[in-house]
Every structure is written in structure tokens, then in C-alpha cells.
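Heads up, the thing below is written out as C-alpha cells.
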Amino acid sequence: GDVGALSRYYYFVTKDAYTQEANFQFITCKIIGNEGHVWVGTTILRYDENGKNAGGGRDMLSLWYIEYQEDEWYVVKVLDTP
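Just add 34 to the spot in the sequence shown (first one is 1) and you have our numbering.
Here is the structure:
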């Protein structure tokens, strides 16, 4: 299905990635009405078909903007810190 703003975390959309390990750490969240934001720490490691590192990063900080739509929360935008 469509993963929208979270597509960057799926290895099937990343060239040369065969497998992926991902770790997400919730930091904080603020919600006002039907929208808000979530700070998340991420470590994503991608590997090629021979098990060699094909990219990713460790201890990255991301800001996820969320909206409540049709009785569910959705991530609508992701900003990664430099």
C-alpha cells in the first residue's frame, strides 16, 4: 500500500538495497486538535544482496508532522536534521 511520507524508511524504494534494519526511538510528541508533530530518533542500515552496507545512517533525528484523518493518525511530512 501507499506509505506516503514514510516511504524513505522502506528499503524497496531504495536503489541497491536488498535488506534493511531499522530502529525508531520516540522522543516527544505535541498534538493540538487534529494535527501535531513527533520527534523521532532513527537508525537505518541498508545492505546489498551480499550483506555489505549499502547506505543508511545512525542516530538521526527526524521531525514527523502528523494529521488525524478518517479516524487514524497519518505522517504527512518528514524533516530530517542535517
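Where a beta carbon is used, it is the ideal one built from N, C-alpha and C, also for glycine. Keep in mind that this is a model prediction, so the values were computed, not measured.
Does the contact criterion of 3 or more C-beta pairs under 8 Å hold for the segment 77 to 85 versus the segment 50 to 61? yes
Among the residues of its own chain, which have a CB less than 6 Å from the CB of cysteine 63, if the five just before and after it don't count? Val72
Classify isoleucine 100: buried if its beta carbon has 16 or more other beta carbons within 10 angstroms, exposed otherwise. buried
Roughly how many angstroms separate the alpha carbons of tyrosine 102 and tyrosine 81, rounded to a whole number? 34 Å
How many angstroms separate the CA atom of isoleucine 66 from the CA atom of leucine 97? 16 Å
For lysine 86 and threonine 53, what's the separation of their Cα atoms in angstroms? 10 Å
Closest residue to glycine 38 among Asp114, Val110 and Thr115 (Cα-Cα distance): Val110
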